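Colleague: Once you've had a glance at the structure underneath, I'll fire off some questions.
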Amino acid sequence: MTKESISAKGDLRLTRLSKSYGDFTAVDDLSLVIPEGSFFALLGPSGCGKTTTLRMIAGLEEPTVGSIHLGTTDITTTKPYQRPINTVFQNYALFPHLTIFENIAFGLRRRGIKDVDAAVSKVLDLVELPHLAARAIVNRPALLLLDEPLGALDLKLRRQMQIELKWIQKEVGLTFVHVTHDQEEAMTMADTIAVMNEGQIEQMGSPADLYDNPKTAFVANFLGQSNLIKGTISGNDGDSHIVDLFGQKISLQKNRSHANDQFIYAGIRPEKFRISRLGTPTSGNILTGGHIEDVSYIGVSTQYQVEMPWGQELMVFEQNDDGVAPFSKGEEVNISWEPIFTFGLRGDEDATAGSEVNPEELDEE
Amino acid sequence: MGKIRTPYLLLLPGFGFLFTFFILPIINLAQTSTQTPVGGGDTGQYEQTLRFSNYVDAFVENKEQFGRSFVYALIATLLALAIAYPLAYAIAFKGGKLKNFMLVLVIAPFFTSFLLRTVAWKQILGEEGFVVPTLRNLGIISDSTTLTSSAFAVVMGMTYNFLPFMTLPLYASIDRIDPRTLEASGDLYANGFTTFRRVTLPLSMPGVVAGTLLTFIPAAGDYVNAAILGSPNTKMIGNVIESRYFKIVDYPTAAALSFTLMAVILILVTVYVRKAGTEELV
Amino acid sequence: MSHKIKDATIPHIPTGARISRWIGRNLIRIYAVVAFTYLFIPVAYTFAFSFNDSGKSNLIWKGFTFDNWKNPCGAPEVCSALANSIKIGFLATLFSTILGTMIAFAIGRYSFKGRSTSNLMIFLPMATPEIVLGASLLSLFLVFKINPGFWPTVIAHVVFCISFVVVTVKARIASLDPRLEQAAMDLYANERETFRRVTLPLVAPGIAGAALLAFSLSFDDFIITNFNSGTLTTFPKFVYTSAARGIPAQANVIGSAMFFLALAIVITGQIVGRKRKVSA
């Protein structure tokens, strides 16, 4: 093992990575490629293994099994200080005995960089809130890891910082790997999101992909909200399945179905639904026989709970933009949506997976 | 990898030292305690005869001093707890900006030698001090009553000398209490006393345990307060051990007494800690 | 600008009730003042009697003088006793701080087999009465025909100081955020540099506190010293032996001077600590 620092560049490849603590498996056979220059987010609830993954990349934990490559260089067992990788820690972990300047200069001095003053003032010009990421960015690492650095900020400041971080990433062109439990934060910043659950990646893709076409109930519920209705595939219509939902037929595009037999959950996002009074013309997929259980007016939209004949309550978000008088509690309504918005999940899944998680809870490592 | 060895390497010098100069002496003390004087030899010559009755003799001969040591130490500990608890509470909750300054005040008396302070008490409370004549003039004590050379003075001296040992751990655990828990208790219909009994006191138990141990242990083995502030009637076991070593030169009895003292204290401490339910001592 | 409420709107409270209410609200503060007074009575007495124009026995107030302060070594043996105490205190502090800090790092930073035994080993000397510690060491020295004196006293002091150093430094290590060291490693500092640039500076106040504690414990010790010092006189021993015939006022001078010196050190330490926090 060499003690010298490594100057590797390129994509980050995690190959069949596992980390166990006794009986507990934090990360379970995880393989992943993070392309150079991308803004990548590891998203998941606390205890899903995202922080452990990040710490293995940083070199703060050694994998039980598997390898980590940066470009063509194997860095699996190298020390944190040998890796061209820097971390923005939760709450920043600033050295309390050093000034802000010395904090930022710390890495430069360790590497014996000559013009510390210039480098520090340059990065301070770039970064608005100096303590945020300057200490890591000043080193121009091949990879910058962000361990929920915005967790302690209030909502407004957090949004501001998200935009700032995204801008910095573009500006300096580094690869960012961001760990968070906040799905909105991940979607705001990252090009690619990997949703993690129980040590494994549930699904990976662009924010829009994940939101529009989730492959598992966990992703459907953890990323935003979903209505999942139990049904069976009962027929064929060219590129679409005909799905029977408690006696009512709807259409689901075949390439948006992730079921492996005829038992299926049909998934629809709440804002894709439209509510209509009985007798009004509707198109697309239609479910009839609903009645309004609850109405919450929240400004940009109104949220309805609609009870269906089979007892399930569906969630509907209606934009307050169409001049239609809001529906009131007890009204009989139909629900409709464009067939292209339907997604299909395996019928043997737990329809509540990922919905019980409180996204605001912080990772307690 | 050297990683596994590192903690042992760090421990080695310190524990080597403690083994040589703490464990070995205790073992040696145990050996000495069952020795008897060599017949016809000089004083100070002993041989190992495994005479365990040394313990019985030592205890029977000095049971009065033993009893006194533990009673005095217990009273002093309770008094110190009674005095220190409100003080620690005041510093933790009412200290405000003066918190650190008040903590310095608690330890500051330490900076004057405790012997000087004990002698000062002797003189303040003595015949030539101003307390006794004042009390006599006020008729609170009779002309024949004295404050020094009494059990009162010894216990008072011990209480005084170990007060900071009691205050600091109490402060540390009271300071950790979130004041909101006290407000919550009040909000949930507990009056001041109930809040103290049901919330403050249980939460400060680690400090109470640490403080009472740090006071009781040295108090039980102390002989300085008894020597300076007491009389022959207030002799504690420490005084006996001291004189067995230095005046009578009877090492086996002194060792047996020391060992008994240590054993009794360790047993009391173990029982007490179990009862109090706090295992984290250090 | 504050709006003044008309006097008429303030309910009139009788003076007596107001005073008792003030006492009720400030009872605990009043108590603190009383308790501190109690703690400082003998210190004040010692200080006051350092100015006593007493001659040999410093029992009764005979008049004010600066002579004792001008000539602190005036009484026989007092300064040699002080010098011995300082020398012993310095050496005991040095050794116990080094050994104790190493133990504290081992226990505080590593999990290893025998960690709980190590904790017990640290607790035992603190749970042992001083007289037993002193007596047992003396017995050992006698077995090996080592005469009590300077070095046996230093050794004895190290024995009881180590535990206090370990506990103090360990507490500081435990309060350290592990992410700070990880951050240093992340920023290209290897193990040695991380220790030197981050761990050690952050633990340093704990070590300094432990050293101060060790010195004051050593300097003030009488019981263990009495057993192991033989004919060597330390400052507490000097006070003890002269207590019967009256302590010279010079001892009060030295005691008071030590008090103010230590107070100055502690307060300076606190001010420096606070300044550092502000500048960071």
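Chains as they are written, first to last, in our numbering: chain A, 557 to 921; chain B, 4 to 285; chain C, -11 to 268. Positions of the beta carbon are idealized from the N, C-alpha and C atoms, including for glycine. Remember, predicted model here, so these are calculated numbers, not experimental data.
Look at the alpha carbon of A/Glu863 and the alpha carbon of A/Tyr821, and state the distance between them as a whole number of angstroms.
Modeller: 18 Å
Colleague: Our contact map puts C/Leu205 next to C/Phe148 with C-beta atoms below 8 Å; I'd like the distance itself, whole angstroms only.
Modeller: 7 Å
Colleague: Would you mind stating whether A/Ala750 and A/Met760 have Cβ atoms separated by less than 8 Å?
Modeller: yes
Colleague: Does the Cβ-Cβ distance between A/Val735 and A/Glu704 come in under 8 Å?
Modeller: yes
Colleague: Could you list the residues in the region 176 to 203 of chain C with a C-beta less than 9 Å from some C-beta on chain A, going in chain order?
Modeller: Tyr176, Ala177, Asn178, Glu179, Glu181, Thr182, Arg185, Val186, Pro189, Leu190 and Ala192
Colleague: By Cβ distance below 8 Å, which residues in the same chain neighbour B/Thr198 in space, the five residues on each side in sequence not counted?
Modeller: Leu185, Ser188 and Gly189
Colleague: Grab me the residues of A/Ile562's own chain with a C-beta within less than 7 Å of its C-beta, minus the 5 sequence neighbours each way, in chain order.
Modeller: Thr629, Ile631, Thr634, Gln638, Arg639 and Pro640
Colleague: List, in order along the chain, the chain A residues whose C-beta lies closer than 9 Å to that of C/Gln170?
Modeller: Arg611, Ala614, Leu616, Pro636, Thr643, Phe645 and Ala649
Colleague: Please report the residue range of the beta strand (DSSP E) in which C/Ile235 lies.
Modeller: Segment: none, C/Ile235 is in no beta strand (DSSP E) and carries neither H nor E.
Colleague: Interface residues of chain C around A/Phe899 at Cβ under 7 Å?
Modeller: For the C-beta of A/Phe899, not a single chain C residue is nearer than 7 Å; the gap to the nearest is close to 40 Å.
Colleague: Using a C-beta cutoff of 8 Å, does B/Asn103 count as contacting chain C?
Modeller: yes
Colleague: Could you give the DSSP three-state label for A/Trp893: helix, strand or coil?
Modeller: strand
Colleague: Whose C-alpha, out of B/Asn57, B/Pro235, B/Gln68 and B/Ser176, is nearest the C-alpha of B/Gly214?
Modeller: B/Ser176
Colleague: Are the region 580 to 589 of chain A and the region 708 to 727 of chain A in contact at 8 Å, needing three or more beta carbon pairs?
Modeller: no
Colleague: Closest to A/Lys565 by CA distance: which of A/Phe580, A/Thr571, A/Glu592 and A/Asp579 is it?
Modeller: A/Glu592
Colleague: Can you tell me whether A/Asp585 sits near the ligand PLP, meaning its C-beta is under 7 Å from at least one heavy atom of the ligand?
Modeller: This structure lacks the ligand PLP; in fact it carries no ligand of any kind.
Colleague: Would you call the CB atoms of A/Phe732 and A/Phe596 closer than 8 Å?
Modeller: yes
Colleague: Are the C-beta of C/Thr81 and some C-beta of chain B separated by less than 8 Å?
Modeller: So, not an interface residue.
Colleague: On the DSSP bridge list, what partners appear for A/His797?
Modeller: A/Asn792 and A/Leu808
Colleague: How would you call B/Leu141, buried or exposed, if buried means at least 16 neighbouring beta carbons within 10 angstroms?
Modeller: exposed
Colleague: Based on Cα-Cα distance, which residue from A/Phe645, A/Gly627, A/Glu754 and A/Gln804 lies nearest to A/Gly600?
Modeller: A/Glu754
Colleague: Are the CB atoms of A/Ser813 and A/Pro895 within a distance shorter than 8 Å?
Modeller: no
Colleague: For A/His653, name the three-state secondary structure that DSSP assigns.
Modeller: coil
Colleague: Do B/Pro136 and C/Leu27 have their CB atoms nearer than 8 Å?
Modeller: Not a contact, by the Cβ cut-off of 8 Å.
Colleague: Establish whether the CB of B/Gly5 and some CB of chain C are separated by less than 8 Å.
Modeller: Reliability fails at B/Gly5, whose pLDDT of 49 lies under 50, so the model's placement of it is uncertain and no value is given.
Colleague: Could you check where the alpha helix (DSSP H) with C/Gly12 kicks off and where it finishes?
Modeller: Following the DSSP letters along the chain, one finds C/Gly12 inside the alpha helix (DSSP H) bounded by residues Thr3 to Ala36.
Colleague: Give, in chain order, every residue of the region 92 to 121 of chain B whose Cβ lies closer than 9 Å to some Cβ of chain C.
Modeller: Tyr92, Ala93, Ile94, Phe96, Lys97, Gly98, Asn103, Phe104, Met105, Val107, Leu108, Val109, Ile110, Ala111, Pro112, Phe113, Phe114, Thr115, Ser116, Phe117, Leu118, Leu119, Arg120 and Thr121
Colleague: For C/Gln170, I'd like the list of residues in its chain whose CB is within less than 7 Å of its CB, leaving aside the five on either flank, ordered along the chain.
Modeller: Nothing listed; no residue qualifies.
Colleague: Chain C beta carbons: is any one of them nearer than 8 Å to that of A/Arg667?
Modeller: yes
Colleague: Who are the neighbours of B/Asn65 on chain C, taking C-beta pairs under 8 Å?
Modeller: By Cβ distance, chain C contributes nothing, its closest Cβ being about 14 Å from B/Asn65, past 8 Å.
Colleague: Would you tell me roughly how many angstroms separate the C-alpha atoms of A/Ile824 and A/Glu758, rounded to the nearest one?
Modeller: Roughly 19 Å between the two C-alpha positions.
Colleague: Candidates B/Ala156, B/Val134, B/Phe69 and B/Ser116: which alpha carbon is nearest C/Phe247's?
Modeller: B/Ser116
Colleague: Which chain C residues sit within Cβ distance under 7 Å of B/Asn31?
Modeller: When 7 Å is used as the limit between beta carbons, B/Asn31 is near these residues of chain C: Ser124, Ser127, Leu128 and Val131, in chain order.
Colleague: Give a yes or no on whether the minimum CB-CB distance between A/Phe924 and chain C is below 8 Å.
Modeller: This structure leaves residue 924 of chain A out entirely; chain A is present only between 557 and 921.
Colleague: So if I threshold CB-CB distances at 8 Å, which residues from the region 801 to 821 of chain A count as touching chain C?
Modeller: none
Colleague: Please check if any C-beta of chain C sits within less than 8 Å of the C-beta of B/Ile270.
Modeller: no
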